[in-house]
DNA sequence: TTGTACGCGTTATCAG
DNA sequence: CTGATAACGCGTACAA
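Chains as they are written, first to last, in this note's numbering: chain A, 3 to 350; chain B, 3 to 350.
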């Protein structure tokens, strides 16, 4: 690694002079300035960020903690965080908790084990002296990963912190559920089945709430029999379809695209066709949705927007624009958007 | 951040004592030992890795440079690297170059701009004093990202360094092309079209070479007219299918699953069905392949194996097992595996 | 057991 | 204008 000292030696000047030049302090002769800049270019010198952070307060470095980068939503959020940070002249670095790979959906059950993975990661970022941290969970839930006395700014994506010190940037699941249901209603569907996750899942709860509100707004009774709880997977889509089709629904609202994949499986097996025989919609707008036949109408998650907003909130607090607080609770919910493809039929 | 000094103060001992206890140096009374350990547990103290690396040679930290984590292959490789590193007691940290988001497929055309993104990333990892670096490109090509005088061990995945100092762990594309072609031949196909990437693309070249060798082994003439060069995208699959079907192929070998998606598009539009009317195979075994109808026979990339091997090579060199060199050139090629699904028909 | 110099690369301060 | 030197933070190593 080329250091300041080396540059100084090569140019026969002191480190101070080189440092001054680099930091634009003007009391340097143009001659030495040019010479030093020349050598810096030649050697490809870059400052050591850590050492810089040692003296200056700020490292201009933001740490990202990902619960698991294998989950489809995570890379997109991270990409977006990084893009925004770069535009604002912050560098980023990431640690991956590998929670999913480790415990496969069970991660939030054992607090202690969770902490044994989280704490070293936080420590690592603190060691590097990041200016702030953004946390990217695999799915929405209530998070307590930052102690109240956490010393640096932190922003939560996806999860709910319920503490104004650590803003949450989340999906507006309720509105997502509402909008999709409303779309189906607009297309003439009145008997709409739902297949989703477990009862205690936040995404499930909120989307279901939105579904109910949309029905309510059209004065349609909510029928709990048309709701299948499951595991977000293809299999529960298959099983859900089996149940719901017997109950004569005209549309199935799958709370993930993967679930919709299972519904399609059932349809194929039983020689039914979407959207002719039954309409199907998904949620997430994963890549697979574009390859379904018929291509799947679904709700796109605002992943890019979440990343951007989270980075924006963090950097704003780092750069000291304290006046601006999004709202009292520090919670920002971003809307999904219905992506209309070919899996829904308009009823008469 | 809780520091050693704080622990020492709380326990009314010196930092040295605490350090000694932490490092298992036995000249400490059991009494103070217990007390200190107690406080360490209470405070959740974790050593500052950077400060540790300051004095010790090793930080036990491995840096990963990803060209773009949005590409499907990258998270899987990284996940696997991290898994192996963790098992070997190394921590990992990642920087993301965002090359694809930045320049969209053009990234390797402008050396200078590439370096302006790469160098700060390397510098960042060097600042943190990582023990070694693993580079994860978006696709195979010849890489020159580590100068010959690079001071720390580095391993390349996917790309070819052609320098024994920096081992390459790559996909065995030639064998992949061979195996898939051989599978189609075994299924009775003789006239097999290919749709792939551009002429200068390494994946394309090698898979095509494997295709030719497989034909050769069965004494079938290679017909360059059955090869469509393209852009790896869905569109070129569609266009390729249009061309190849006119040429009466019985099977289309798509060099990516996405291309196969385009082929399916063409089939649907023209009321043809795979595998009845024509057999189709893909490459990559992306998630979408499982959702195609019929589900797509394809070649699974050894992404996990690549990550593991790369980490293994790096850690081996860090831990000083110098005797072991995989082979002279430092290049390890790992095989793909044909995943048989339902898109290929057995002829007669 | 403890005190303390040392390692790192940079910046801030002040003297020349 | 330029240079010498302290300070930054934290853990380690070694002498006391």
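Backbone N, C-alpha and C define an ideal beta-carbon position, used for all residues, glycine too.
What is the C-beta distance between residue 355/A and residue 247/A, in whole angstroms, given that I count them as a contact (C-beta under 8 Å)?
-> Here chain A has residues from 3 to 350 only, and residue 355/A is not among them.
Per DSSP, what kind of secondary structure is residue 269/A in: helix, strand or coil? By one-based count along the first chain, residue 269/A stands at place 267. Residue 269/A: helix per DSSP, three-state reduction.
With three or more C-beta pairs closer than 8 Å as the rule, is the region 81-100 of chain A touching the region 18-38 of chain B? no
**Study point:** Nearest-angstrom beta carbon gap, residue 158/B and residue 169/B [assumed within contact, 8 Å]
**Key:** Start at 1 with the first residue of the second chain, and residue 169/B comes out as number 167. Start at 1 with the first residue of the second chain, and residue 158/B comes out as number 156. Between residue 158/B and residue 169/B the Cβ distance is about 7 Å, and since that is below 8 Å, they are a contact.
Could you check whether the region 174-187 of chain B touches the region 229-239 of chain B, counting it as contact only if at least three pairs of C-beta atoms, one from each stretch, sit closer than 8 Å?
no
Query raised in the report: What are the complete beta strand (DSSP E) segments, minimum 3 residues, inside the region 123-184 of chain A?
Result: 134-138, 156-159 and 170-173
Query - When 249/B, 138/B, 78/B and 57/B are compared against residue 302/B, the one with the closest alpha-carbon - result: Looking up residue 302/B in the second chain gives position 300. Taking only the C-alpha atoms, the option nearest residue 302/B is 78/B.
Could you work out which residues of chain B lie near residue 71/A, taking near to mean beta carbons separated by less than 8 Å? For the purposes of this step, residue 71/A is taken as residue 69 along the first chain, with counting starting at 1. Those are 71, 77, 80 and 81, listed as they occur along chain B.
Extent of the continuous alpha helix (DSSP H) run through residue 275/B: Sequence index remark: in the second chain, residue 275/B carries index 273 (1-based). That residue, residue 275/B, is in no alpha helix (DSSP H); it is neither H nor E in DSSP.
CA-CA distance, residue 9/A and residue 33/A? The count along the first chain starts at 1 and reaches residue 9/A at position 7. The count along the first chain starts at 1 and reaches residue 33/A at position 31. Rounded to the nearest angstrom, the two C-alpha atoms are 16 Å apart.
Exercise. List the residues of chain A that residue 85/B touches, going by C-beta distances under 7 Å, in chain order.
Key: To locate residue 85/B, count along the second chain from 1; it is residue 83. Simply 100 and 103.
Handout entry: Nonlocal neighbours in the same chain, by C-beta distance under 8 Å from residue 186/B, ignoring five residues either side
Key = If you number the second chain from 1, residue 186/B lands on position 184. If we look at residue 186/B and ignore the five residues flanking it on each side, its Cβ neighbours are 194, 253, 255, 281, 283 and 346.
Using a Cβ cut-off of 7 Å, which residues of the region 279-306 of chain A contact any Cβ in chain B, in chain order?
289, 290, 293, 294 and 295
Margin query: Let me make sure I understand the geometry here. Which of 220/B, 249/B, 288/B and 242/B has the alpha-carbon closest to that of residue 266/B?
Written below: Taking the second chain and counting its residues from 1, one reaches residue 266/B at position 264. It is 242/B.
* Asked: Of all Cβ atoms in chain B, is any one closer than 8 Å to the Cβ of residue 27/A?
  -> For the purposes of this step, residue 27/A is taken as the residue at position 25 of the first chain. Output row for residue 27/A: interface = no.
Exercise for review: For the beta strand (DSSP E) holding residue 98/B, just list the boundary residues, first then last.
Suggested key: Working through the second chain from its first residue, we reach residue 98/B at position 96. Here the beta strand (DSSP E) through residue 98/B covers 93-98.
* Asked: By how many angstroms is the C-alpha of residue 210/A removed from the C-alpha of residue 219/A?
  -> As a working mapping, residue 219/A is identified with position 217 in the first chain. As a working mapping, residue 210/A is identified with position 208 in the first chain. So the two alpha carbons sit approximately 14 Å from each other.
Query - Chain-order list of residues whose beta-carbon lies under 6 Å from that of residue 299/B (same chain, five-residue window excluded) - result: Residue numbering aside, residue 299/B sits at position 297 when the second chain is read from its first letter. Result list for residue 299/B: 283, 342, 343, 345 and 346, in chain order.
Next on the checklist: Residues of chain B with CB closer than 7 Å to the CB of residue 125/A, please, in chain order.
Outcome noted: If you number the first chain from 1, residue 125/A lands on position 123. The answer, in chain order, is 48.
When we look at the beta-carbon of residue 277/B and count the other beta-carbons within 10 Å, is it buried (16 or more) or exposed?
Counting from one through the second chain, the residue named residue 277/B turns up at place 275. So residue 277/B ends up on the buried side.
Checklist line | Any non-hydrogen atom of the ligand PLP within 7 Å of residue 317/B CB | finding: By its list of ligands, the structure shown contains no ligand whatsoever, and the ligand PLP lies outside what it can speak to.
Checklist entry - With a Cβ-Cβ cutoff of 8 Å, do residue 29/B and residue 22/B count as a contact? => result In the second chain, residue 29/B corresponds to position 27, counting from 1. In the second chain, residue 22/B corresponds to position 20, counting from 1. Result yes, Cβ atoms of residue 29/B and residue 22/B sit closer than 8 Å.
inquiry  = Within 10 Å of its beta-carbon, does residue 151/A have 16 or more other beta-carbons around it, so buried, or fewer, so exposed?
reply    = In the first chain, residue 151/A corresponds to position 149, counting from 1. Its Cβ having fewer than 16 others within 10 Å, residue 151/A is exposed.
According to DSSP, which residues form a beta bridge with residue 286/B? Stepping through the second chain from its first residue, residue 286/B is reached at position 284. According to DSSP, residue 286/B bridges with 302/B.
Contained beta strand (DSSP E) runs [length at least 3] in the region 184-254 of chain A, N- to C-terminal order = 194-197
Using the rule of at least 16 other Cβ atoms within 10 Å of the residue's Cβ for burial, across every protein chain shown, is residue 226/A buried or exposed?
-> Here residue 226/A refers to the residue found at position 224 of the first chain. Looking at its Cβ environment, which holds fewer than 16 other Cβ atoms inside 10 Å, residue 226/A is exposed.
Note down the Cα distance separating residue 130/B from residue 312/B, rounded to an integer number of angstroms. Counting from one through the second chain, the residue named residue 130/B turns up at place 128. Counting from one through the second chain, the residue named residue 312/B turns up at place 310. Answer to the nearest angstrom: the Cα atoms are 21 Å apart.
task = Assess, as a yes-or-no matter, whether the region 127-141 of chain A is touched by the region 78-93 of chain A under the definition of 3 or more beta carbon pairs within less than 8 Å.
result = yes
Practice problem: Give me the Cα-Cα distance between residue 57/A and residue 116/A, rounded to the nearest whole angstrom. | Solution: As a working mapping, residue 57/A is identified with position 55 in the first chain. As a working mapping, residue 116/A is identified with position 114 in the first chain. For residue 57/A and residue 116/A, the distance between alpha carbons rounds to 34 Å.
Using only the alpha-carbon positions, how far apart do residue 42/B and residue 95/A sit? Here the question's residue 42/B lines up with position 40 in the second chain. Here the question's residue 95/A lines up with position 93 in the first chain. Whole-angstrom Cα-Cα distance: 28 Å.
Interface residues of chain A facing residue 270/B [CB-CB closer than 8 Å] | Residue numbering aside, residue 270/B sits at position 268 when the second chain is read from its first letter. Going along chain A in sequence order, the residues near residue 270/B (Cβ under 8 Å) are 295.
Note to self: Let me see if you follow: with CB-CB separation under 8 Å, is residue 128/A close to chain B or not?
What the structure shows: Start at 1 with the first residue of the first chain, and residue 128/A comes out as number 126. With 8 Å as the cut-off, residue 128/A counts as an interface residue toward chain B.
Residue 65/B by DSSP, collapsed to three states: which one?
The residue you call residue 65/B lines up with position 63 of the second chain. The answer is strand: DSSP assigns residue 65/B an E or B state.
Have a look at residue 335/A and residue 171/A and give me their C-alpha separation to the nearest angstrom. Looking up residue 335/A in the first chain gives position 333. Looking up residue 171/A in the first chain gives position 169. Their Cα atoms are separated by approximately 6 Å.
Quick one: list the residues of chain A neighbouring residue 158/B, beta-carbon separation under 7 Å, in chain order. Here residue 158/B is taken as the residue at index 156 of the second chain, counted from 1. Near residue 158/B there are no residues of chain A at all, since even the closest Cβ is about 20 Å away, more than 7 Å.
Could you check the C-alpha separation between residue 31/B and residue 6/B for me, to the nearest Å?
What you label residue 31/B is simply residue 29 of the second chain in a count that begins at 1. What you label residue 6/B is simply residue 4 of the second chain in a count that begins at 1. Approximately 19 Å between the Cα atoms of the pair.
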